[in-house]
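S.K.: First residue of the sequence shown? That's 4 in this note's numbering, and the numbers climb one at a time after it.
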Amino acid sequence: MPKIIIDLDVMLAAYSRKFDDKKTRAMDLIREVKSGKHELYTPFTLMDIINVWRIDYLRNKIKKFFAIYSVEIVSAERINTLANRIGVDLGGLKESFMELGIKEEDSFLIMIASLLNLELKTFNKKHLINKQAEINRTLKESNMGGISISEP
Numbered sequence: 004m005p006k007i008i009i010d011l012d013v014m015l016a017a018y019s020r021k022f023d024d025k026k027t028r029a030m031d032l033i034r035e036v037k038s039g040k041h042e043l044y045t046p047f048t049l050m051d052i053i054n055v056w057r058i059d060y061l062r063n064k065i066k067k068f069f070a071i072y073s074v075e076i077v078s079a080e081r082i083n084t085l086a087n088r089i090g091v092d093l094g095g096l097k098e099s100f101m102e103l104g105i106k107e108e109d110s111f112l113i114m115i116a117s118l119l120n121l122e123l124k125t126f127n128k129k130h131l132i133n134k135q136a137e138i139n140r141t142l143k144e145s146n147m148g149g150i151s152i153s154e155p
């Protein structure tokens, strides 16, 4: 069973009131997670981001989905333990990703996906999908495994 992490852009597409191709693909992925076709891992950092959203409907729908269907809500402590075990400086790695033009929150998704061997599902072509080769090269330079980044 594939292990995945879902970027918030996919969740926003799924639960927004706008109907388009992204919504259809996002909802297909949501249905697959609900039916057990994927193991979903959600970093606690995503929950922190969601908690400050002002749109109650989206915040509540997405938090509920993550709470119910995540195999694990991954704590910062767990990530730090895994990184320390293999000698990875997450702060330095985050800076390397930011030099590639990757946002801080996306760099966390990348690092968590690598540490837990997860596939990252996102619609973000500019900062993630189109930079997969650079991302994986940077991960390998830090003795971490490469990741798969794809759209739903």
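Quick reminder that beta carbons are idealized off the backbone N, C-alpha and C, glycines included.
Residues in the same chain with beta-carbon distance under 8 Å from L85, minus the five sequence neighbours each way, listed in chain order, please.
M.R.: Counting only Cβ-Cβ distances below 8 Å, and skipping sequence neighbours, we find L118, L119.
S.K.: Skipping 5 residues on each side, what residues in its chain have a beta carbon closer than 6 Å to that of L142?
M.R.: So the qualifying residues of the chain are S117, G149.
S.K.: Closest by CA to S151, which one among L61, I65, E122, Y72?
M.R.: Selected option, being the one with the closest Cα: E122.
S.K.: Please identify the residue among E154, A136, I113 whose C-alpha is closest to the C-alpha of T48.
M.R.: Here the closest residue by C-alpha is I113.
S.K.: Please name the residue in M50, D12, H130 whose C-alpha comes closest to that of I76.
M.R.: Ranking M50, D12, H130 by Cα distance to I76 puts M50 first.
S.K.: Under 8 Å: do the region 130 to 141 and the region 94 to 109 share three or more Cβ pairs, one atom per stretch?
M.R.: In short, these stretches touch, since the Cβ pair count reaches three.
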